[in-house]
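4 is the number of the first residue of the sequence shown in UniProt numbering; add one for each residue after it. Where a beta carbon is used, it is the ideal one built from N, C-alpha and C, also for glycine. This report concerns only the one structure given below.
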Amino acid sequence: HLPTVAIVGRPNVGKSTLFNRLVGKKLALVDDRPGVTRDRREGDARLFDLEFRIVDTAGFEDEDPQSLPGRMRAQTEAAVADADVALFMVDSRAGIVPLDAEIGRWLRAGNTPVILAANKAEGRAGNDGVLEALELGFGDPVELSAEHGEGMVELFEALMPYI
Ligand code: GDP
Ligand code: MG
Numbered sequence: 004h005l006p007t008v009a010i011v012g013r014p015n016v017g018k019s020t021l022f023n024r025l026v027g028k029k030l031a032l033v034d035d036r037p038g039v040t041r042d043r044r045e046g047d048a049r050l051f052d053l054e055f056r057i058v059d060t061a062g063f064e065d066e067d068p069q070s071l072p073g074r075m076r077a078q079t080e081a082a083v084a085d086a087d088v089a090l091f092m093v094d095s096r097a098g099i100v101p102l103d104a105e106i107g108r109w110l111r112a113g114n115t116p117v118i119l120a121a122n123k124a125e126g127r128a129g130n131d132g133v134l135e136a137l138e139l140g141f142g143d144p145v146e147l148s149a150e151h152g153e154g155m156v157e158l159f160e161a162l163m164p165y166i
């Protein structure tokens, strides 16, 4: 069976946009409103010659904002636990917010390897957020633009060891 990549992150960072780009079909709903990915979506993805299963998660959306466990839908927890690697996505334009740090702590407590991706990094707009992302403690983020298809070679290089 194909290796699995789970995309994880707070609402609106661009998880579904990347999912759609890698799957090549509009299987995931992209919307400006946070929380529109209502359940776990999976598809067969291709990035250059890498083929893998990809999961678009939404476990940090839509529940009690006061409690991380409240937001941690069982499906997201299971998707990350079952994945060969988690792609932890942050928004390099918005910068790092407390929920990103919480998700980072949660990922660190698990056993799934993590690749940090700083999305919305087209042009130079994302530079401050990219620096802030270093504080999450997952090393240099892969700088991406899911919407414009930038950073795909760097993403390929980061994923390759796990596929
Ligand atoms: P999700 O909630 O993490 O699944 O985020 P979505 O994929 O639904 O995207 C949320 C919003 O961010 C949408 O308006 C997207 O068009 C936008 N977006 C996604 N990727 C990028 C990107 O690379 N650059 C910019 N500027 N916007 C993006
Ligand atoms: Mg989504």
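Check: Over the uninterrupted alpha helix (DSSP H) stretch that includes GLY107, give me the two end residues.; Outcome: 101-112
Check: Only counting the same chain, and skipping five residues up and downstream in sequence, which positions put a Cβ closer than 8 angstroms to that of ALA84?; Outcome: GLY113, ASN114 and THR115
Check: Spell out the partners DSSP gives GLY98 in its beta bridges.; Outcome: None, per the DSSP bridge assignment.
Check: Verify whether the separation of the beta carbon atoms of LEU147 and LEU50 is less than 8 angstroms.; Outcome: no
Check: Check this for me: beta carbons of VAL26 and GLY46, under 8 angstroms apart or not?; Outcome: yes
Check: Going straight from the alpha carbon of VAL58 to that of GLU135, what length do you get?; Outcome: 26 angstroms
Check: Could you check whether the Cβ of ALA120 sits closer than 7 angstroms to any heavy atom belonging to the ligand GDP?; Outcome: no
Check: Here's the rule I'm using: 16 or more other beta-carbon atoms within 10 Å means buried, otherwise exposed. How should LEU119 be labelled?; Outcome: buried
Check: For LEU53, which residues in the same chain have their Cβ closer than 7 angstroms to its Cβ, ignoring the five residues on either side in sequence?; Outcome: PHE159, LEU162, MET163 and ILE166
Check: Start and end of the beta strand (DSSP E) containing LEU158?; Outcome: Where LEU158 is concerned, there is no enclosing beta strand (DSSP E), although the alpha helix (DSSP H) it sits in stretches over 155-162.
Check: At the level of alpha carbons, what is the spacing between GLU150 and VAL88?; Outcome: 22 angstroms
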